[in-house]
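J.: Quick one: this structure, given as structure tokens, is what I'll be asking you about.
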Amino acid sequence: MKFTLAITDRGTITLPSRLRKEMGIGADSLLIAETTNEGILLRPAVVLPVEVYSADQLNEFAASEKELDSWYDSSST
Numbered sequence: 002m003k004f005t006l007a008i009t010d011r012g013t014i015t016l017p018s019r020l021r022k023e024m025g026i027g028a029d030s031l032l033i034a035e036t037t038n039e040g041i042l043l044r045p046a047v048v049l050p051v052e053v054y055s056a057d058q059l060n061e062f063a064a065s066e067k068e069l070d071s072w073y074d075s076s077s078t
């Protein structure tokens with residue numbers, strides 16, 4: 002499927018609704034634009050949520066890791 006797209010003075014490109022629907026691109030979707038030997042490639046970006054752990058959570062993880070290390074050391078002998 003090919004489309005001819007226009008670019009506004011501000012550099013905005015509008016993707017036809019048919020293309021957006023087919024590619025699963027909705028409002029506020031993010032795309033990655035990269036240059037290739039053939040031109041510009043647009044592809045959906047994957048955005049993963051980032052969780053910031055509290056000091057308590059980090060301490061809990063460290064304690065769990067020590068417990069697992071102990072268990073592993075005792076079971077491997």
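Numbering (my numbering), first residue to last: 2 to 78.
Glycine is no exception: its CB is placed at the ideal position from the N, C-alpha and C atoms.
1) With distance defined between alpha-carbon atoms, name the residue in Asp74, Asn38, Glu68 and Arg21 nearest to Phe4.
2) What residue range does the beta strand (DSSP E) around Ala34 cover?
3) Between the alpha carbons of Val47 and Gly25, how many angstroms are there, rounded?
4) Note down the Cα distance separating Glu61 from Tyr54, rounded to an integer number of angstroms.
5) Please report how far the alpha carbon of Leu16 lies from the alpha carbon of Ala63, in whole angstroms.
T.: Looking at the atomic coordinates:
1) Arg21
2) Leu32 to Thr37
3) 12 Å
4) 10 Å
5) 48 Å
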